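Written out below as structure tokens is the structure these notes cover.
Residue numbers (UniProt numbering): 1 to 338.
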């Protein structure tokens, strides 16, 4: 064992490892001495999963697998976008998982993403995770459930991984869709929603912007793998189905973005309508109040008028007030101003 391999394995960088022959798992604990042998064995399919690797550890395994040092840069670069790049000796991709955090308030944005990068060779797959947000155990279960597919090589491993990621996208999109339906119910309630609805819409828009950044590039990634014959050999039908799922997820995400914009605009329109209704009511009641104000002001004059200083003046002013207010109330109510 050389020093770089000792650093790679000794500090827990290697989180998982598998070796398959004819679709059957023959080793679940690849040692440093076995790594080079199985990685270049045409009858073996090997998978190495690196968790939080340092640049030195990743450079060590890249050299051992005959990969250029440039393979390390994209795997460890911060804020890397979802993409696929083709090299002479390997295929490199970066994808992101997505899930909604149920314990976070709706208004703050609850989307959690996990980054997974992969170095793909005809008979080997190396996955790199910068944290443990993305759980590999369900992916391993998918691989083990379809051993015949693994005979096709590393493309089968990539397919299982991407299929699980896309399924996670669908689940997240469905949760956001359900949340939008709940917001629509709140939107059209009689009582105003206030800041709760506005902050919830903002949180969903924030989640959708982030989700769109990781869902839309999946079309390019699946297309790139399909065009890479050594990787997708014999798996075209599987990748075509995966590509269809990616298209559906992309279209659904775009429609949700339009929907959340519509909810936001509808909320503003409803607020304007409520404000107009309030202004109509205030103006109507102001007109009604103006009648007793005008009449009491008139009868308060210090000049003679019919009923001046007599009981008739009291009844005359009261009758004018009640009659005028009643007439205006009936007119405003008929025109839906009150």
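Glycine residues also receive a C-beta, built at the ideal position from the N, C-alpha and C atoms.
Remember, predicted model here, so these are calculated numbers, not experimental data.
Query, Result
"Report the residue from 166, 15, 227 whose alpha carbon sits nearest the alpha carbon of residue 86.", "227"
"When you compare each of 260, 156, 98, 293 to residue 218 by their alpha carbons, which one comes out closest?", "98"
"Please name the residue, chosen from 269, 109, 52, 244, that lies closest to residue 131 on a Cα-to-Cα basis.", "52"
"Return yes when the Cβ of residue 150 is within less than 7 Å of the Cβ of residue 47, no when it is not.", "no"
"Taking 7 Å as the threshold (C-beta atoms), are residue 41 and residue 111 in contact?", "no"
"Out of 169, 136, 164, state which residue places its alpha-carbon closest to the alpha-carbon of residue 100.", "169"
"Can residue 70 and residue 82 be called in contact, C-beta distance under 7 Å?", "no"
"What's the call for residue 49, buried or exposed, on a 16-neighbour Cβ count within 10 Å?", "buried"
"Under 7 Å between the Cβ atoms of residue 328 and residue 287?", "yes"
"Between residue 244 and residue 223, what straight-line distance do the alpha-carbon atoms span, to the nearest angstrom?", "11 Å"
"Do residue 74 and residue 92 have their C-beta atoms closer together than 7 Å?", "yes"
"From this set, 277, 181, 268, 137, which residue's C-alpha is nearest residue 28's C-alpha?", "137"
"CB residue 126 to CB residue 116, shorter than 7 Å?", "no"
"Buried or exposed for residue 315, going by 16 or more other Cβ atoms inside 10 Å?", "exposed"
"Could you tell me whether the segment 170-179 touches the segment 250-266, where touching means 3 or more Cβ pairs closer than 8 Å?", "yes"
"In this structure, how does DSSP classify residue 172 when only helix, strand and coil are distinguished?", "helix"
"Could you check the C-alpha separation between residue 146 and residue 270 for me, to the nearest Å?", "53 Å"
"Are the CB atoms of residue 96 and residue 72 within a distance shorter than 7 Å?", "no"
"Can you tell me the Cβ-Cβ gap for residue 260 and residue 201, rounded? I've got them flagged as a contact below 8 Å.", "6 Å"
"Determine the DSSP secondary structure at residue 227, reduced to helix, strand or coil.", "helix"
"Where are the alpha helix (DSSP H) runs, 4 residues long or more, that stay fully inside the segment 117-167, in chain order?", "137-145"
"Whole beta strand (DSSP E) runs in the segment 14-70 with 3 or more residues, listed along the chain?", "14-21, 24-27, 45-51"
"Using the three-state DSSP reduction, which class does residue 317 fall into: helix, strand or coil?", "helix"
"Which residue wins for smallest C-alpha separation from residue 268, given the options 181, 155, 195, 89?", "195"
"Return the first residue and the last residue of the alpha helix (DSSP H) that residue 213 is part of.", "195-215"
"Nearest by alpha-carbon distance to residue 153: which of 215, 84, 322, 235 is it?", "235"
"How is the beta strand (DSSP E) around residue 98 delimited, first residue to last?", "91-100"
"To the nearest angstrom, report how far apart residue 277 and residue 187 are at their CA atoms.", "17 Å"
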